[in-house]
């Protein structure tokens, strides 16, 4: 079993839709949770990060962490064609220095 | 956030040759890492670049094939040695710590390597 599971997609949605991206994990020691966006032929770009459980909102993006279920989500409201990219979840233990990445979900937002 | 510059951005190399990739961070950082990303795949950690000492390699990666240097807190290099077509991939430099909390990792733009 992988430490972090993420559906690779692809996920195709119409412009304006609400997108839900998810990851599950097995390591209960993970405390830092991150979402990266990666455009084609570019390096990953940090989008959101949260510590422990709870929600964090930044514009159209909301990150949720449910540690009891070992489940994290990224919601994108009013999705735009420019949101078309691969979204990678990532996580790390407190005091740890290795970031563990999910496989990435390819998202296509159709105009 | 830290800004990471990586070069070259891409290269096409002959099999049997070596390529050195450079990674420069605009501020001092605690940790630097090298990843490989195959097309359509996620990131695989190659090694942690330790300042002033030998890099720490992940399972499946060895120093003879991927020698790494980190002479200071802002710079690192990764060499891909004796290349074969299987080494064709994107190589990414990453850093954590420094001016920001030691939580998020930041990435360079990557080096797209094609071995022919």
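Protein chains in written order, with our numbering: chain A, 1 to 111; chain B, 112 to 227. Ideal Cβ positions, reconstructed from N, Cα and C, are used throughout, including at glycine.
Who are residue i's beta bridge partners in DSSP?
i: residue 245 of chain B; result: For chain B, the structure presents residues 112 to 227; residue 245 of chain B sits outside this window and is missing.
i: residue 41 of chain A; result: Paired residues: none, contrary to the question.
i: residue 223 of chain B; result: B:121 and B:201
i: residue 65 of chain A; result: A:54 and A:72
i: residue 160 of chain B; result: B:143
i: residue 112 of chain A; result: The structure shown has nothing for residue 112 of chain A, since chain A only spans 1 to 111.
i: residue 109 of chain A; result: A:13
i: residue 133 of chain B; result: B:118 and B:188
i: residue 169 of chain B; result: According to DSSP, residue 169 of chain B bridges with nothing at all.
i: residue 183 of chain B; result: B:186
Can you pull the chain B residues whose beta carbon is under 7 Å from the beta carbon of residue i, in chain order?
i: residue 98 of chain A; result: 156
i: residue 43 of chain A; result: 203, 218, 219, 220 and 221
At 8 Å on the CB atoms, spell out the chain B contacts of residue i, in chain order.
i: residue 103 of chain A; result: 152 and 153
Are the beta-carbon atoms belonging to residue i and residue j less than 7 Å from one another?
i: residue 199 of chain B; j: residue 225 of chain B; result: yes
i: residue 9 of chain A; j: residue 106 of chain A; result: yes
i: residue 52 of chain B; j: residue 206 of chain B; result: What the structure shows of chain B is the stretch from 112 to 227, and residue 52 of chain B is not part of that stretch, so it cannot be assessed.
i: residue 4 of chain A; j: residue 33 of chain A; result: no
i: residue 38 of chain A; j: residue 89 of chain A; result: no
i: residue 190 of chain B; j: residue 178 of chain B; result: yes
i: residue 121 of chain B; j: residue 195 of chain B; result: no
i: residue 115 of chain B; j: residue 148 of chain B; result: no
i: residue 109 of chain A; j: residue 73 of chain A; result: no
i: residue 104 of chain A; j: residue 203 of chain B; result: no
i: residue 219 of chain B; j: residue 134 of chain B; result: yes
i: residue 117 of chain B; j: residue 185 of chain B; result: no
i: residue 75 of chain A; j: residue 20 of chain A; result: yes
i: residue 23 of chain A; j: residue 95 of chain A; result: no
i: residue 156 of chain B; j: residue 165 of chain B; result: no
Which residues in chain A sit within 7 Å of residue i, going by Cβ to Cβ distance?
i: residue 215 of chain B; result: 34, 46 and 49
i: residue 225 of chain B; result: Here the premise fails: no neighbours, minimum Cβ distance about 13 Å.
Taking residue i as the query, report the chain A residues whose CB atoms sit under 8 Å from its CB, ordered along the chain.
i: residue 207 of chain B; result: 97 and 99
i: residue 142 of chain B; result: 97
Report buried or exposed for residue i, applying the criterion of at least 16 other Cβ atoms within 10 angstroms of its Cβ.
i: residue 146 of chain B; result: buried
i: residue 113 of chain B; result: buried
i: residue 41 of chain A; result: exposed
i: residue 71 of chain A; result: exposed
i: residue 31 of chain A; result: buried
i: residue 50 of chain A; result: buried
i: residue 181 of chain B; result: buried
i: residue 210 of chain B; result: At residue 210 of chain B the pLDDT is 46, less than 50, meaning the model places this residue with poor confidence and gives no usable figure here.
i: residue 63 of chain A; result: buried
With a threshold of 6 Å, establish whether the CB of residue i neighbours any heavy atom of the ligand ADP.
i: residue 182 of chain B; result: With respect to small molecules bound, the structure shown includes none, and the ligand ADP cannot be examined in it.
>> Please list, in chain order, the residues of the region 154 to 182 of chain B that have any C-beta partner in chain E closer than 8 Å.
In response: Considering every chain present, this structure includes no chain E. Its protein chains are A and B.
> Which residues, taken in chain order from the region 46 to 65 of chain A, show a beta carbon closer than 8 Å to some beta carbon of chain B?
Replying inline: Within the region 46 to 65 of chain A, those residues whose Cβ lies closer than 8 Å to any Cβ of chain B are, in chain order, 46, 49 and 51.
> Using a beta-carbon distance cut-off of less than 7 Å, what residues from the region 75 to 90 of chain A approach chain B?
Replying inline: Only 88 from the region 75 to 90 of chain A bring a Cβ to less than 7 Å from some Cβ of chain B.
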